[in-house]
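Participant:
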Amino acid sequence: MLKNVLLIVLMSIGIAGAGLAQTLDAQTFQDQWDQPAALNTEVEWLIFSHHKDGAAWVKESLDALNIKDLQARHWLYVADISQMPGFVTRLFALPKMKDYAFPIALVRDEALIGNWPRDDETVSVYRLADLQIEEVSNFSSQEELQRFLAGMTE
């Protein structure tokens, strides 16, 4: 029994470590203003929302911290909207997002980000070096995310 538990723990550590060695593909998304938003070697921090509440947490956090120019900080905010019905995106989501003060790299095809590490119902933040993920932090509330982002601005 103890051997089985140790084996599971060691396998989990190996899997977690393997996730950190992942290198993301350089790619260009479109933002809410239909402008290019590049994931490239210049990006040092990637904020990734992959559910509706998470997107709201990112907006509230960036607004509260008055952060508008993500590129100047070497940040990229990526939102997975691939599961959103097209008419909802066109009629409701995009018009609302166009009023945001910061760009959002929009993922319309989940295959582009299918292997990105994430935990359900969280916002993921990756620390990158030349597109290699060096650290993954997952936040399960807007408050946690905002505290983390505030620490990055100091």
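Using my numbering, read the sequence shown as starting at 2 and increasing by one per residue. Cβ coordinates follow ideal geometry from the N, Cα and C atoms, glycine included. Predicted, not measured: the structure shown is a model, and the values here were computed from it.
1. Classify residue 34 as helix, strand or coil using the three-state DSSP reduction.
2. Leaving out five residues on either side along the sequence, give the residues of the same chain with a beta carbon under 6 Å from the beta carbon of residue 5.
3. Can you list, in chain order, the residues of its chain with a C-beta nearer than 7 Å to that of residue 83? Leave out the 5 residues immediately preceding and following it.
4. Is residue 140 helix, strand or coil when you go by DSSP?
5. Please state whether DSSP places residue 111 in a helix, a strand or coil.
6. Name the DSSP bridge partner or partners of residue 101?
7. If you check the beta carbons only, do residue 33 and residue 101 fall under 8 Å apart?
8. To the nearest whole angstrom, what separates the beta carbons of residue 30 and residue 125, a pair I think is in contact under 8 Å?
9. What's the gap between the Cα of residue 142 and the Cα of residue 155?
10. By how many angstroms is the C-alpha of residue 68 removed from the C-alpha of residue 139?
11. Check this for me: beta carbons of residue 150 and residue 62, under 8 Å apart or not?
12. Within 10 angstroms of its Cβ, does residue 72 collect 16 or more other Cβ (buried), or is it exposed?
13. So what does residue 29 bridge to, in DSSP terms?
14. Buried or exposed: where does residue 81 fall if 16 or more other Cβ atoms within 10 Å of its Cβ makes it buried?
15. For residue 89, is the classification buried or exposed, using 16 other Cβ atoms within 10 angstroms of its Cβ as the cut-off for buried?
Facilitator: Well, looking at it:
1. Here residue 34 corresponds to residue number 33 of the sequence shown, with the count starting at 1. Residue 34: coil per DSSP, three-state reduction.
2. In the sequence shown, the residue the question calls residue 5 occupies position 4. Residue confidence is low: residue 5 scores 39 on pLDDT, short of 50, so the model does not pin down where it sits. No coordinate-derived value is stated.
3. Taking the sequence shown and counting its residues from 1, one reaches residue 83 at position 82. Counting only Cβ-Cβ distances below 7 Å, and skipping sequence neighbours, we find 108, 109, 110 and 111.
4. Walking along the sequence shown from the start, residue 140 turns up at place 139. The answer is strand: DSSP assigns residue 140 an E or B state.
5. Here residue 111 is taken as the residue at index 110 of the sequence shown, counted from 1. Residue 111 falls in the helix class under three-state DSSP.
6. Counted from its first residue, the sequence shown places residue 101 at position 100. For residue 101, which the question treats as bridged, DSSP gives no partner whatsoever.
7. Locating residue 33 in the sequence shown gives position 32, where the first residue counts as 1. Locating residue 101 in the sequence shown gives position 100, where the first residue counts as 1. In contact: residue 33 and residue 101 (Cβ atoms closer than 8 Å).
8. Along the sequence shown, read from residue 1 onward, the residue named residue 30 stands at position 29. Along the sequence shown, read from residue 1 onward, the residue named residue 125 stands at position 124. Actually they do not touch by this definition, with Cβ atoms about 16 Å apart.
9. Position 141 of the sequence shown holds residue 142. Position 154 of the sequence shown holds residue 155. Looking at the two C-alpha atoms, the distance is approximately 21 Å.
10. For the purposes of this step, residue 139 is identified with residue 138 of the sequence shown, where counting begins at 1. For the purposes of this step, residue 68 is identified with residue 67 of the sequence shown, where counting begins at 1. Going by the C-alpha atoms only, they are around 20 Å apart.
11. To locate residue 150, count along the sequence shown from 1; it is residue 149. To locate residue 62, count along the sequence shown from 1; it is residue 61. Yes; because the gap between Cβ atoms is below 8 Å, this pair is in contact.
12. On the sequence shown, position 71 is the one that residue 72 refers to. Exposed, because fewer than 16 other Cβ atoms sit within 10 Å of the Cβ of residue 72.
13. The residue labelled residue 29 in the question sits at position 28 within the sequence shown. According to DSSP, residue 29 bridges with 39.
14. Within the sequence shown, the letter at position 80 stands for residue 81. Label assigned to residue 81: buried.
15. In the sequence shown, counting from the first residue as 1, residue 89 sits at position 88. Exposed, by the Cβ-count rule.
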